[in-house]
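Enquirer: Residue numbers (our numbering), protein chains in the order written: chain A, 1 to 193; chain B, 1 to 60; chain C, 1 to 245; chain D, 1 to 222. Before we start, here is the structure in question, set down as structure tokens.
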Amino acid sequence: MLQVQNAGCERDGRPLFEGLSFSLAPGDLLQVVGGNGSGKSTLLRVLLGLYTDYQGDIEWSVDEAPLYLGHRLGIKQSLTVIENLRWFGVLRDAQVDEVRIDEAVYKLGLAGFEDSLCAHLSEGQRKRVALGQFLIMDNPCWVMDEPFSAIDAEGLSFLMAILQDHLDVNGGIIISTHQPISIDRPVNTLALQ
Amino acid sequence: MKFESLTAFFYMDGHGIYIWAAYGLTLVILAANVWFPLIARRNIIRAEKSAVLKAMNRKL
Amino acid sequence: MLNWFHRLGSPKTFFEISGRWQVPLLSLAVLMLAGGAAWALLFVPPDYQQGNSVRIMYIHVPAAILAQSGYVMMAGAAAVFLIWRIKLADVAVKCVAPLGASITFLALVTGAIWGKPTWGTWWVWDARLTSTLVLFFLYIGVIALRSAMDRQAGVGRACAILALVGVVNLPVIKYSVDWWYSLHQPASFSLTEKPSMPIEMWLPLLVMVIAYYLFFFSVWMMRIRNEILVREKNTDWVKQWLAVR
Amino acid sequence: MNLFIASVRRDLLVHFRHPSEVLNPLVFFVVVISLFPLGIGPEPGQLKAIAPGIVWVAALLATLMSMDSMFRSDFEDGSLEQIVLSEQSTFIFVLAKVVSHWLLSGLPLVLLMPLAALLLFLDEAGVWALTLSLLLVSPTLSLLGGIGAALTVGLPRGGLLVTILVMPLYVPVLVLATAMVQAAEAGSDTIGYVYWLLAILFGSMCLAPIATAAAINVATDQ
Numbered sequence: 001m002l003q004v005q006n007a008g009c010e011r012d013g014r015p016l017f018e019g020l021s022f023s024l025a026p027g028d029l030l031q032v033v034g035g036n037g038s039g040k041s042t043l044l045r046v047l048l049g050l051y052t053d054y055q056g057d058i059e060w061s062v063d064e065a066p067l068y069l070g071h072r073l074g075i076k077q078s079l080t081v082i083e084n085l086r087w088f089g090v091l092r093d094a095q096v097d098e099v100r101i102d103e104a105v106y107k108l109g110l111a112g113f114e115d116s117l118c119a120h121l122s123e124g125q126r127k128r129v130a131l132g133q134f135l136i137m138d139n140p141c142w143v144m145d146e147p148f149s150a151i152d153a154e155g156l157s158f159l160m161a162i163l164q165d166h167l168d169v170n171g172g173i174i175i176s177t178h179q180p181i182s183i184d185r186p187v188n189t190l191a192l193q
Numbered sequence: 001m002k003f004e005s006l007t008a009f010f011y012m013d014g015h016g017i018y019i020w021a022a023y024g025l026t027l028v029i030l031a032a033n034v035w036f037p038l039i040a041r042r043n044i045i046r047a048e049k050s051a052v053l054k055a056m057n058r059k060l
Numbered sequence: 001m002l003n004w005f006h007r008l009g010s011p012k013t014f015f016e017i018s019g020r021w022q023v024p025l026l027s028l029a030v031l032m033l034a035g036g037a038a039w040a041l042l043f044v045p046p047d048y049q050q051g052n053s054v055r056i057m058y059i060h061v062p063a064a065i066l067a068q069s070g071y072v073m074m075a076g077a078a079a080v081f082l083i084w085r086i087k088l089a090d091v092a093v094k095c096v097a098p099l100g101a102s103i104t105f106l107a108l109v110t111g112a113i114w115g116k117p118t119w120g121t122w123w124v125w126d127a128r129l130t131s132t133l134v135l136f137f138l139y140i141g142v143i144a145l146r147s148a149m150d151r152q153a154g155v156g157r158a159c160a161i162l163a164l165v166g167v168v169n170l171p172v173i174k175y176s177v178d179w180w181y182s183l184h185q186p187a188s189f190s191l192t193e194k195p196s197m198p199i200e201m202w203l204p205l206l207v208m209v210i211a212y213y214l215f216f217f218s219v220w221m222m223r224i225r226n227e228i229l230v231r232e233k234n235t236d237w238v239k240q241w242l243a244v245r
Numbered sequence: 001m002n003l004f005i006a007s008v009r010r011d012l013l014v015h016f017r018h019p020s021e022v023l024n025p026l027v028f029f030v031v032v033i034s035l036f037p038l039g040i041g042p043e044p045g046q047l048k049a050i051a052p053g054i055v056w057v058a059a060l061l062a063t064l065m066s067m068d069s070m071f072r073s074d075f076e077d078g079s080l081e082q083i084v085l086s087e088q089s090t091f092i093f094v095l096a097k098v099v100s101h102w103l104l105s106g107l108p109l110v111l112l113m114p115l116a117a118l119l120l121f122l123d124e125a126g127v128w129a130l131t132l133s134l135l136l137v138s139p140t141l142s143l144l145g146g147i148g149a150a151l152t153v154g155l156p157r158g159g160l161l162v163t164i165l166v167m168p169l170y171v172p173v174l175v176l177a178t179a180m181v182q183a184a185e186a187g188s189d190t191i192g193y194v195y196w197l198l199a200i201l202f203g204s205m206c207l208a209p210i211a212t213a214a215a216i217n218v219a220t221d222q
């Protein structure tokens, strides 16, 4: 799904990481760990092509662009939950039917908040709305940057279940997080200094 | 030579003030364009030399 | 040919080549400027209409020409940078903007001073002066964007895009200003038309135009060399070069 | 195609929930128009002579006021990154943004023209020419302004900078439009100007979004 050969990146004079070679096969989960400022987010953005100032080569072999959950959630505060989810569908040109959106809203534990503006939701709820894009579309690869921050314990177990389902269906996941990922599949980790 | 005397040259039958103002300003602007890069070059060299020296001392 | 172009792209090679050409080019430029100015001041016959104030033409017209072609050259460097991502092209764009702006300002001021004896007022909304003024704003735009985005990674590409947008609009602006001027001012003598000048008047003008271009390239080269020293300060060839200095 | 429609609908929805952002430029336009008679004096003859210029410059400034927020909110909440990531063409998205900006700033200005003409004693022919010219030119203003907005979207205080970057690009349209109004007042036909303004509109419609999309890619590349 993804081949990376000695990727290196330097940010305003400071080498973040170099000579990184790894790959992601369908059904795998890659966890990127490292302290603050070790370049986790930059690595994810380099993989997605959002950050182009890097060395080495990165080969994607997926037919749809990976879904990305970044620090900035990509949802509009003055739109409701449903409108934001619909927008994710339009954005990726995926025909998403209403049933699947309602199902996702229920799964995300946002039942009852469908028509409230995201501005009125808590940070954790907004994160769940952003996670909704992974439920309503079947892109093979997910890239998530700190998905667990601001999520409560009950949400955490639910999130692990989503990851588990996606891996079972031969999807690939790249996650940058400090939390241990409790799923019963091999988790290869990539540590950045 | 189009002018009989030096004073006629400066006076330029009435237009002297404008001509010399224009030429003077041109000289100032063109000279500034040469002067600033030279100063910048000197500062860059001095700054980078001291940086190299400081790095050397820290290594010792 | 491409190999030469590519080799020139590396800062180190450019630095060496420009090092050899820097002093001769600048001294030739200064020499021609001085010679041209002396020629224009001493030997050119006064104009039958304007008298001696026509001598200002020899410093205004080359500046106006250079201001415009300077912007086109900046846009050329910007295109090279956007297409081939040669870092040196970004350095070239960054260094030429202030230089071009100063030459445009020079053209504006000398044009205004020239206007005083000819029309009796300091500023006249003449076609060429107005489009030079708009060109000056275009330069200011590029400089303002460069300084505003100085810390960000995309500053080079953003300024390159702005320069290209500007150069695409330049002919439209020039055409609309010329048309606007002719709309409000029936064709009278203006700086735009080039009256057919006798040879002893346009020859010094040619000398001055060449001198301005030489001067422009040598100052541009100086600024690029300074910027290379700053951007490549961690490389060993710069350290060796500094050690010798 | 549905990205275009959905994006325009989304923007209109967002802005209808914050109407003040839409109304400010219009109020600004009317205020600037009414300042001139205070500054110059109430004689109709004088105002009528310079009315096209005043109305046009005020329209330019009003459009530029709302230009800065065209991409800023999308940049700050991450939607711009999602657009760049999705394989959908940024060109279409930019066009949608320009259309929604035009609907929210250009069109209302056109509707305000009769009021502005009233304040400045413009006669019948002048009002028609003014309204038609703004209708033809306001999309161009949004298109060209979009380039400035995309270039400065990454900057914290990009507002004033957009004006400096984009104002020179407005010179041709300003010149042609004001000349058109004056020609209309003088009774001569204005079809030549209409063709020229349409030419510039279609030209910028094809070229400006390319520069804007490139600028957006630069802004999200950090």
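Backbone N, C-alpha and C fix where the C-beta goes; we use that ideal spot for every residue, glycine too.
#1: Would you mind sorting C/F189 into buried or exposed? The rule is 16 or more other CB atoms within 10 Å of its CB.
#2: Taking 8 angstroms as the threshold (C-beta atoms), are A/Y51 and D/D68 in contact?
#3: Mind reading off the beta-carbon distance from A/N6 to A/L20? Whole number of angstroms is fine, and I expect it under 8 angstroms.
#4: Taking 6 angstroms as the limit between beta carbons, can you name the residues of its chain near C/T192, skipping five residues before and five after?
#5: Under 7 angstroms Cβ-Cβ, which residues of chain C neighbour D/M167?
#6: Would D/E87 and A/A130 qualify as a contact pair, given that the criterion is a beta-carbon distance under 8 angstroms?
#7: Going by alpha carbons, who is nearest to C/Q240 out of B/A31, B/L60, B/K59 and B/V52?
#8: I want to see whether chain D comes within less than 8 angstroms of A/I75, judged by CB atoms only; does it?
#9: Mapping the DSSP letters down to three states, classify C/T192 as helix, strand or coil.
#10: Spell out whether any CB of chain A is found under 8 angstroms from the CB atom of D/D221.
#11: Find the nearest neighbour of C/R157 within the set C/W84, C/L135, C/M221 and C/L138, judged by alpha-carbon distance.
#12: Name the DSSP bridge partner or partners of A/V187?
#13: Taking only the alpha-carbon atoms, compute the straight-line gap between D/L144 and D/L95 and give it to the nearest angstrom.
#14: Decide if the segment 200-220 of chain C is in contact with the segment 47-61 of chain C; the criterion is three or more beta carbon pairs, one per stretch, under 8 angstroms apart.
#15: Cβ of D/L136 within 8 angstroms of Cβ of D/L198?
#16: Going by DSSP, what residues sit across from A/F17 in a beta bridge?
#17: Using the three-state DSSP reduction, which class does C/T13 fall into: helix, strand or coil?
#18: With distance defined between alpha-carbon atoms, name the residue in C/T104, C/E227 and C/E232 nearest to B/P37.
#19: Would you please state the rounded distance, in angstroms, between the beta carbons of D/F71 and D/V153? I believe it to be under 8 angstroms.
#20: Per DSSP, A/S78 is paired with what?
#21: Could you tell me whether the Cβ of D/A6 comes closer than 8 angstroms to any Cβ of chain A?
#22: Under the rule that 16 or more other beta-carbon atoms within 10 Å means buried, what is A/D115, buried or exposed?
#23: Is there at least one non-hydrogen atom of the ligand MG closer than 7 angstroms to the beta-carbon of A/Q133?
#24: So what does A/S195 bridge to, in DSSP terms?
#25: Counting only Cβ-Cβ distances shorter than 8 angstroms, please list the residues of the segment 143-161 of chain C near chain D, keeping chain order.
#26: Listing by chain order, which chain D residues have their CB less than 8 angstroms from the CB of A/Y68?
#27: Check distances from the C-beta atoms of the segment 35-58 of chain A to those of chain E and list, in chain order, the residues that come in under 9 angstroms.
#28: Please confirm whether D/L130 has its beta-carbon closer than 8 angstroms to some beta-carbon of chain A.
#29: Helix, strand or coil for B/A21, going by three-state DSSP, please let me know.
#30: Taking the alpha carbon of C/W122 as the point to measure from, which residue in C/S131, C/V109 and C/T104 has its own alpha carbon closest?
#31: Are there 16 or more other CB atoms within 10 angstroms of the CB of C/K174, so buried, or fewer, so exposed?
#32: To the nearest angstrom, how far is it from the Cα of D/E124 to the Cα of D/P42?
#33: For the putative contact between C/G166 and C/Y71, defined by C-beta atoms under 8 angstroms, what is the C-beta separation to the nearest angstrom?
#34: Report the residue from D/K97, D/L207, D/A6 and D/P114 whose alpha carbon sits nearest the alpha carbon of D/A51.
#35: Within the same chain, show all residues whose beta-carbon is closer than 7 angstroms to that of C/T104, passing over the 5 residues directly before and after it, in chain order.
#36: Could you say if the segment 8-20 of chain B and the segment 26-41 of chain A meet the contact criterion of at least three C-beta pairs nearer than 8 angstroms?
Expert: Per the coordinate set shown:
#1: Because the pLDDT at C/F189 is just 49, under 50, the model does not fix this residue reliably, and the point stays unresolved.
#2: Result no, Cβ atoms of D/D68 and A/Y51 do not sit closer than 8 angstroms.
#3: Confirmed, about 7 angstroms.
#4: With a pLDDT of only 49 at C/T192, under 50, the local geometry of the prediction cannot be trusted, and the value read off the model is given with reservation. Non-local C-beta neighbours of C/T192 in its own chain, meaning closer than 6 angstroms and more than five positions away in sequence, comprise A127 and R128, ordered along the chain.
#5: Near D/M167 (Cβ distances below 7 angstroms), the residues of chain C are F137.
#6: Not a contact, by the Cβ cut-off of 8 angstroms.
#7: Taking only the C-alpha atoms, the option nearest C/Q240 is B/V52.
#8: Yes, because at least one Cβ of chain D sits closer than 8 angstroms to the Cβ of A/I75.
#9: Any reading at C/T192 must be qualified, since the residue scores a pLDDT of 49, below 50, and its modelled position is unreliable; the value itself is stated next. Assignment of C/T192 by DSSP, reduced to helix, strand and coil, places it in the coil class.
#10: So yes, D/D221 belongs to the interface.
#11: Closest by alpha carbon: C/W84.
#12: In the DSSP assignment, A/V187 is bridged to A/L29.
#13: Near 11 angstroms, if we compare the C-alpha coordinates of D/L95 and D/L144.
#14: Flag = yes, the segment 200-220 of chain C and the segment 47-61 of chain C touch.
#15: A contact, by the Cβ cut-off of 8 angstroms.
#16: Note: A/F17 is bridge-paired with A/C9 in the DSSP secondary-structure output.
#17: Three-state result, C/T13: helix.
#18: If we check each option's Cα against that of B/P37, C/E227 comes out closest.
#19: The beta-carbon distance between D/F71 and D/V153, rounded to whole angstroms, is 4 angstroms. This is short enough to meet the 8 angstroms contact definition.
#20: A/S78 is not bridged to any residue.
#21: Taking Cβ atoms only, chain A reaches closer than 8 angstroms to D/A6, which makes this a yes.
#22: Exposed, by the Cβ-count rule.
#23: Of ligands this structure carries none, so the ligand MG is not represented either.
#24: The question about residue 195 of chain A has no answer, for chain A in this structure spans 1 to 193.
#25: From the segment 143-161 of chain C, only A144, L145, A148, M149, Q152, A153, G154, R157, A158 and I161 have a Cβ closer than 8 angstroms to chain D.
#26: Per Cβ cutoff of 8 angstroms: E81, Q82 and L85.
#27: Checking the listed chains, one finds no chain E in this structure; the protein chains it contains are A, B, C and D.
#28: D/L130 does not count as touching chain A.
#29: Correct three-state label for B/A21: helix.
#30: Between C/W122 and the set C/S131, C/V109 and C/T104, the nearest pair of CA atoms involves C/V109.
#31: Counting Cβ neighbours within 10 Å, C/K174 comes out buried, since at least 16 surround it.
#32: Roughly 19 angstroms between the two C-alpha positions.
#33: C/Y71 and C/G166 do touch by the CB rule: their CB atoms are close to 7 angstroms apart, below 8 angstroms.
#34: For the set D/K97, D/L207, D/A6 and D/P114, the Cα lying nearest the Cα of D/A51 is the one of D/P114.
#35: Once the five neighbours on either side are set aside, the close Cβ partners of C/T104 are A67, T132, L135, F136 and Y139.
#36: No: fewer than three Cβ pairs fall under 8 angstroms.
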